[in-house]
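2 protein chains.
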Amino acid sequence: MVGESPSSAGLVLTKHCSEPNAPSVCSSNGRTSDFESDSEDHFPGASHDRGVYGRGRRGSYQYLSLTEKLQARIESGEPFFSLEFFPPRTKSGAANLLSRLERLRHGGPLFCDITWHPAGNPGGNSETSSMTIASAALNYCCLETILHMTCTEATVDDLNRHLARAKELGIKNILALRGDRNEEGRPSDFSYATQLVRHIREEYGNYFVVAVAGYPTGHPEAVSYEEDLKHLKEKVDAGADFIITQLFFKPEYFIKFVNDCREIGIRVPIIPGVMPIQSYESLRHMVKLSRLEVPDEIVNVIKSLKDNDEAIRNFGIHQAVTMIRTLFQSGVAPGVHFYTLNREVAVTCIAKQLGLWNLHPHRALPWKVVPNHRRCQEEIRPIFWAARPNAYIYRTRHWDEFPNGRWGTAESPAFGDLKDYYLFYLKSKGSKEELLNMWGFYLESEQDVWDVFYAYITGRENRNGVKVTRIPWNDDELSEETIPISEKLATLNRRGVLTINSQPNVNGMPSNDETFGWGQQGGYVYQKAYLEFFTCGKTVDILKRLLVQYPQVNYHIINKNGKFNYTNAYTNCPIAVTWGVFPGREIIQPTVVDSESYLVWKDEAFALWIEQWAKLYEDGSKSQQVIENIANTYYLVNLVDNDFPKDTCLWELLNLVLDEVERESCNNSSKLDQVSSESFDSAISQELSCCENESSDQSHSASPSAAILYIQSVDSMVRRPTSHY
Amino acid sequence: MVGESPSSAGLVLTKHCSEPNAPSVCSSNGRTSDFESDSEDHFPGASHDRGVYGRGRRGSYQYLSLTEKLQARIESGEPFFSLEFFPPRTKSGAANLLSRLERLRHGGPLFCDITWHPAGNPGGNSETSSMTIASAALNYCCLETILHMTCTEATVDDLNRHLARAKELGIKNILALRGDRNEEGRPSDFSYATQLVRHIREEYGNYFVVAVAGYPTGHPEAVSYEEDLKHLKEKVDAGADFIITQLFFKPEYFIKFVNDCREIGIRVPIIPGVMPIQSYESLRHMVKLSRLEVPDEIVNVIKSLKDNDEAIRNFGIHQAVTMIRTLFQSGVAPGVHFYTLNREVAVTCIAKQLGLWNLHPHRALPWKVVPNHRRCQEEIRPIFWAARPNAYIYRTRHWDEFPNGRWGTAESPAFGDLKDYYLFYLKSKGSKEELLNMWGFYLESEQDVWDVFYAYITGRENRNGVKVTRIPWNDDELSEETIPISEKLATLNRRGVLTINSQPNVNGMPSNDETFGWGQQGGYVYQKAYLEFFTCGKTVDILKRLLVQYPQVNYHIINKNGKFNYTNAYTNCPIAVTWGVFPGREIIQPTVVDSESYLVWKDEAFALWIEQWAKLYEDGSKSQQVIENIANTYYLVNLVDNDFPKDTCLWELLNLVLDEVERESCNNSSKLDQVSSESFDSAISQELSCCENESSDQSHSASPSAAILYIQSVDSMVRRPTSHY
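Heads up: the sequence lines are chains A and B, in that order. Counting in UniProt numbering, the first sequence tops out at residue 725, every number present. Counting in UniProt numbering, the second sequence tops out at residue 725, every number present.
This is how it looks when you write it as C-alpha cells:
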C-alpha cells in the first residue's frame, strides 16, 4: 500500500493519526494472507505517532501499552521525546503545571513522568501529591504517564497501597526506583529497585509497564561501573520493560553504555535522559542531583556567561541539540527523555530544532482522547461538555464502560456529581481580581451581563478596557472553528441570547482540514449546526412559536429546576451532530445531542452562574442578585439544525425571534406609558402572565425578578442607541 | 410540529416510514414536558404505516406488537388492509404463494394470516404446513403474520407443541378458533375457542397477540345472535386482543354488529372480513364456508353473468369496493381483512381503488426488514447477501442478537450452514428446462459462461434467443439502482470479470429518492461504490499489481479453498458501504463489507456454481466440467472505493486490468506460435508459473484446468472478432 504523505492530495488508506492518543487506529497490518509481510515496511511515511488503541481480533478496541507504543516507535525509526516533571509544592503551582502539560502535549511527547518524593506523602490525595499530579497528567492533560515510585522508605503495605491507588486511577506505568538511602531508618521492606520490580510483577503480573533507571557512567554509589551494569541487568531480568538513563554530558557515554548493556544481554529499549542547562543555578542543581562531573568545556562556557541567563539558556539549548543529534545519528537512541525541571521553553525549543515537535497535530477525535486504558473504547460524547472536557472526564471517571459506535439507548448513564468546584484541575484559572475585571466589578442589570458575553465573543475590550478571555462555561477564548461565526454569535449575545456552546455545519470536509478535521487521513467529516444558549422567558415564548416554522430544527429548552422541559426530540433518541467517514472503517460518530445527558448538564450549566460568577460578589449585593436572577429565571436552550448540507437556518430563526421580542417590548413600552395611572403592580402582573407562568414554584421569587427584567428590558430599549459598543 | 406531506420539498422531522416494518422508528411522541399533549394530533399527515420498532426509554429498539400497531393505526385514522391465505397443497404451490406474498407486501398490508387445517399436520415441518407457511410469510416474505390455530381436534399437549414451535419460529400472533366440530371423535381437550384463548394466556402470558373470530350475523351453530355475542365477549374477556369477522354481504350487518358489541362491553378493535367474489364457483364456496345467505341482488347479478368470469370478477371488485367504502364512512371499520383464497388480482385492485394500496413504498432500510421480534434490533448486514436475503435470514435465524449501530468486532459471527439447497423458499424459481435455456444447454468454454453473464446484465437475448432473467447468485433481474451502471458492468462481464453484486457510489442523496433512498424523510443517504466478481487467476495477478496505484480501494480476493486470501482491510475492521443521516437520530449504517463474513459468504458463492449450474448437466459432461473448472480456479474479488464523493475509479481500474490481460494474452499467443516445436506441456507449465502458483494443494488439478483456461483464452482471443454479441 502506498503510505501516507501528509502533503499528498490523493486519498490514501492509512492507519495512523498524528495524534499520539488516537483510538480509532489499528495496531497491526491488515494482511491475513501468507503472502504479505507483517512488517511496517509497506507503510512508508506513516505518521510517527501511533494510536493508543489497536484493534484486536476479538473484542473491540485493544489498548496499546506504553511498551508496545515504544516498540512500534522504535521499529518505525522515527525518534520521539518524553518529559519528566516533579510535583509542585503549591496548589497554584500544580494548576500552572497542568496548563504547561496541556501546552506541551501539542508537541506530541510519547509520555511524561512524575517524580516521587517520599517525604511529601506522594501517594496521597492532596492536589500536589505525585499520585494526584500523575493522575491529572493522564486523565486531564491526556498524556501517557509514568509514575515514579521509590521503595527504600516504604513498607510492602505502603507500596501495595500506592500501586492499588495508581491502578484505580488508571495509571499503568511505574518507574521503579530505589530512592535515597533510608538514612532516617524509616520502616522499609526493600533496599533495591530490583526488589520493587519483582514485587510489582508478582503482585500485578503484566498490568503495569515497569521502567527502571540506568546510569551511563555508573550509579554514584555503585562499587564499579561493571557492578552497576550487572545490577541493571538484574532489574531488567526481574521484569523491567525499558530503561531511562540519568543525565549525562557527553554522547559517547551513552553510546558506550548502550553497547555495554547489549553486551551483557540487556535487550530492552534504553532511552537517554537529557537535562538542558537552563541557567547557572540549574547547572549546579544538575551536578548535585547526578553527582556527575561537568566537562570542562561546558563549565568554562557557563562561567563566561555567568551573568547572562538568556545566553546560558541558549547555550544550553545548543548543547542539548548537538548532543542529541549525535545520539540519534549513532542509531542507539530511539528518542530522548527530558528532565524539564517543570519548565517548558527550553525543551520546546530543543524538540522543535530536532524536528521532534509535532508541527501539525491532528486530532484523532474532535475531543481530546484520554489515554487511560479504562477509557480506550470511548468514542462518543455528548456535545454539552465540549468546552468542559475535564468536568466530563471527572463526572464519568467511575464508568465501567464507555460509549462507542453509537450512544444508543442504554440505561440512563449515571454522572457523578461535580460538587467540589475547587478541584484544582477543574477550577477556573484566574484570580478573583482578574475575573471581576473581565466580568464586571459592578452589575446593574442583565444588559451588563449580555455585554460581557458580547465582549467575550468579539474579543473586543469590555468597559473596563479589558479583554474577556473566558466565561464560566469556557476557560479558553473562542476556538478556531467558532471564529468564522463569531460576528453572528455576537449579534445574538448582545440581544440576550447568551451562547455558551456552538458549532457550525460542515458538509463533508476532508478529515485533514486544519480547522474542522479529525480522524485518519483520507476521510470526510460532517457536522450539524448546533447552538446552545441561556435566554429569558420572553425570548423562549417567541422561540417556541417560531420553531414550528423550522421543522428541521431539533430543540430542547429547560429551566433550572427542570419543570419546564420542552423538546421535540424522539424519546431516548440521541442525535448525531458530528460524524466522519473514513477509508476502510465503519462510520465514527463522536458527538451527539442526548436529552438524558442534557438534563444532567443543565444542572452544571446553571450552577456555574452561581459558583463562578455570583460568588465573586458580596452576598446580598446588587451584582449578585443580577446573576442569581438570571440563573433562576433564564432557560437553557439547545438547537440542532438537521439540514446540514444547507446554510443553517439558526441565525435567521434567532434573529426573527429577537426582532419579535423587541417589537413586543416596544409595544409594551408604549402600553406602559399609557397605563402610568394604573397601579404599577397590575402592569407587572400583566407582563408576568406571558412569562414563567408554568413555573408555579417560582411564583414567589418570580414577581420581583420579572419586574426587574421588565423594567430593565424597557430601560435597555430606551438606552440602546447609546449602548456601550 | 409540522407533519409530513410526502410531496413537501422541505425537510421535516417525521417519525414514520411508509414501510410497515421499519426498525428505526420511534413509537411514541417525544415530548417529555407536561405542557404537550401525548396524542398524535401534532403529527398531521404522518405516514399511515408505522414502524414495527419503537424505542423505549430503556434498552434499544422496542418491538411494537401487532396490537400496538393496530392501535396506532386506528388512532391515526388511516384505514389499513390485511390478507388471509391458506397453505397450498403442493411444494410448487407453496413456492408460488410466497412469490405472491412478496408482491402483495409492496402494497403495505398491516398483516397476513394463515389458516389451519387439522387434517394436514398443520403444525409440522413440511413445506406446505400452516406452521411453515406462516414462518415463511413472517421471516422470508417479511410480513407481520398471524397463525390460525383450532382446538377441537387437538389435545393440550398438541396445542402446547404447536405454540412452542410457533414461538421458536418467532411467530407472535395467533387467531384462536374452535375449528370444526370434532365429529370423528379425535382426542381433544377443548371444545371452545374461549378455552384456547385462556390457555394461551395462562401458558404464554402476553407473548402472543391473540385474535378471535366474530360473526356479524351470529355463528351458524349458535343458539341465537345474542348468545353468540355473549360468547364473543367471553372470548375477549379470556384475553383476546382484537376480532376479525366472518365475511358478510351487506355493510349494515357489520355496522350493527359493532354497535352491539360495544353495547355489551366489547372494547377491542373489530376488523371486517371481506371475500371478493372472484368467480361463480367462489361464490358457491363462500356460501358453503360461511353458511350465509347471499342477498338476492348479488345472486341475480351473478346468475346473469354466469358464463363470464371476467365480468363476475369485475362485479365482485365493484361490490367489495362499494361495501368497504360504506364501512369506512361509517367510522366503525378501522380497516378491512380480505379472504384472498390465495389470489392476488382482485384484492390488489380493490385495495388500490380504495386508496389502501401504498403507491410509494419506501424502504426503512436498504434491505427488507424482517418483522420477527427476535430480529427487531437488526440494523446492519454484510453486503454480500444483498441479492440473497433469504439465505442470510436462514443462516442467521438462530442468532440471539442481531447487529445494530455498528457491526463492530464482536466474536466472529457463526453462520448456520446452507446445506439444503432445495428448501423451497430458497430454491431457485424456474425449472431445469428454463435454466438450461438461459444458461446454456451446452457449454464449450468459459467464454460461453461469460456470455451468459453479459446477457443477464444487458437484458439482451442470449444465443438461444432467450432473456437471461437470473443467475445463480441473483434470482431477480438487475435492480433499479444497478441499471445506470449496467453497460459498464456488461463490458466487464464480457471480458471475464463476472460481477455478482455491485452498488454505485451515492453522495448525500435525499432519503426519499426513488431509487437510492431509504429511511425516514428528510435524511441523506450515502454509498461507497462496490463491486464483487469472479475472475480467473491471470486477471487477479494483474489486478493485484494495479491496485497499488489505487490506494483508496479496499479489496479482498479469495479462492474456493480459502488458501489464497488477499486483503488490505484492517484486521477485524468492517467497512461501512451504506449509511444515512437523519433528522433527530444517530447515524444509521445498514451495510458493511466485513472480512470475516466474506470468508463465510465465499463458500456459498462458490458452491452456487455447482449446486445451481453444474448440476444441470450430466455428470462428467463437458458443460459440467466447464463450470466446475471455473468454480475451482476462479477467484472471488470484492472492491470498495472509499472515495465516495468522487466518480468511482473502479471502472478505470478494471478496464486497465483487462486491457493488460489481453495484452499479455496477445504476447503469449505469439509466443505459443513460436514454441510450437516445444512440447505442449512445457508451454503450459510456463503459463502456469504465473497463475495459481500459490495454491499448492491445487497443483494436481491445476494443470489440466489451467491448460484449458489457457487454450480457451487464446482461443477466445482468436475468436473474438466473431463474438456472439
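Beta carbons: idealized from backbone N, C-alpha and C, even for Gly. Bear in mind the structure is a predicted one, so any value in this text is a computation, not a measurement.
Chain A contact for residue i (CB, 8 angstroms cutoff)
i: residue 527 of chain B; result: no
i: residue 581 of chain B; result: yes
i: residue 508 of chain B; result: yes
i: residue 182 of chain B; result: no
i: residue 570 of chain B; result: yes
Interface flag, residue i vs chain B, CB-CB below 8 angstroms
i: residue 44 of chain A; result: Reliability of the predicted coordinates at residue 44 of chain A is poor, the pLDDT of 23 falling under 50, and the value obtained from them is presented with this limitation in mind. Answer no: the Cβ-Cβ gap between residue 44 of chain A and chain B never drops below 8 angstroms.
i: residue 211 of chain A; result: no
i: residue 376 of chain A; result: no
i: residue 524 of chain A; result: yes
i: residue 658 of chain A; result: no
Interface residues of chain B facing residue i [CB-CB closer than 9 angstroms]
i: residue 457 of chain A; result: Near residue 457 of chain A there are no residues of chain B at all, since even the closest Cβ is about 28 angstroms away, more than 9 angstroms.
i: residue 576 of chain A; result: 581, 582, 585, 586, 587
From the options, residue whose alpha carbon lies closest to that of residue i
i: residue 332 of chain A; options: A/362, A/538, A/270; result: A/270
i: residue 510 of chain A; options: A/592, A/579, A/338, A/561; result: A/579
i: residue 100 of chain B; options: B/346, B/276, B/195, B/157; result: B/346
i: residue 121 of chain B; options: B/88, B/296, B/102, B/236; result: B/88
i: residue 504 of chain B; options: B/485, B/659, B/84; result: B/485
i: residue 307 of chain A; options: A/295, A/329, A/281; result: A/281
i: residue 208 of chain B; options: B/595, B/533, B/668, B/372; result: B/372
i: residue 334 of chain A; options: A/69, A/612, A/647; result: A/69
Under 8 angstroms from the C-beta of residue i: neighbouring residues of chain A
i: residue 405 of chain B; result: 405, 406, 408
Proximity test, residue i beta-carbon vs the ligand HEM heavy atom, cut-off 7 angstroms
i: residue 437 of chain B; result: Of the ligands one can find in the structure shown there are none, so the ligand HEM has no counterpart to examine.
Is there contact here, the region 135 to 151 of chain B with the region 165 to 174 of chain B, by at least three beta-carbon pairs under 8 angstroms?
Counting C-beta pairs closer than 8 angstroms gives three or more between the region 135 to 151 of chain B and the region 165 to 174 of chain B, which meets the contact rule.
Cβ-based contacts, 9 angstroms cut-off: residues of the region 623 to 644 of chain B near chain A:
640, 642, 643, 644
Contacting positions in the region 385 to 403 of chain A - beta carbon closer than 7 angstroms to chain B:
none
Give the residues from the region 258 to 290 of chain B that approach chain A closer than 7 angstroms (Cβ to any Cβ), ordered along the chain.
none
Residues from the region 590 to 608 of chain A in contact with chain B, defined by Cβ distance under 8 angstroms:
592, 595
With a cut-off of 8 angstroms, do at least 3 Cβ pairs link the region 491 to 500 of chain A to the region 508 to 525 of chain A?
The region 491 to 500 of chain A, when compared against the region 508 to 525 of chain A, does not touch it at the 8 angstroms Cβ threshold.
How do the region 218 to 235 of chain B and the region 304 to 323 of chain B stand: do at least 3 beta-carbon pairs fall below 8 angstroms, yes or no?
Cβ pair count under 8 angstroms is below three, so no.
At a cut of 8 angstroms, does the region 179 to 195 of chain B reach the region 141 to 159 of chain B through at least three beta carbon pairs?
The region 179 to 195 of chain B and the region 141 to 159 of chain B touch, with no fewer than 3 CB-CB distances between them shorter than 8 angstroms.
With three or more C-beta pairs closer than 8 angstroms as the rule, is the region 553 to 567 of chain A touching the region 606 to 625 of chain B?
no
I'd like to know if the region 271 to 289 of chain B and the region 334 to 353 of chain B are in contact, where contact means that at least 3 CB-CB pairs between them fall below 8 angstroms.
yes
Per the contact definition of three or more C-beta pairs closer than 8 angstroms, is the region 595 to 604 of chain A in contact with the region 380 to 388 of chain A?
As far as the Cβ criterion goes, the region 380 to 388 of chain A touches the region 595 to 604 of chain A, which means the pair count is three or higher.
Taking 8 angstroms as the threshold, find out whether the region 194 to 205 of chain A comes into contact with the region 393 to 411 of chain A through three or more Cβ pairs.
no
Any contact of the region 346 to 356 of chain B with the region 318 to 333 of chain B, i.e. 3+ C-beta pairs under 8 angstroms?
yes
Would you call the region 631 to 649 of chain B in contact with the region 528 to 546 of chain B, where contact means no fewer than 3 C-beta pairs closer than 8 angstroms?
yes
Should the region 156 to 163 of chain A be called in touch with the region 362 to 371 of chain A, which here means at least 3 C-beta pairs below 8 angstroms?
With a cut-off of 8 angstroms, the region 362 to 371 of chain A and the region 156 to 163 of chain A do not count as touching, because too few Cβ pairs lie within range.
Are the region 566 to 575 of chain A and the region 431 to 440 of chain A touching by the rule of at least three beta carbon pairs closer than 8 angstroms?
Judged by pairs of C-beta atoms under 8 angstroms, the region 566 to 575 of chain A does not touch the region 431 to 440 of chain A, as fewer than three such pairs exist.
Would you be able to state if there are at least three C-beta pairs under 8 angstroms between the region 238 to 254 of chain B and the region 209 to 217 of chain B?
yes
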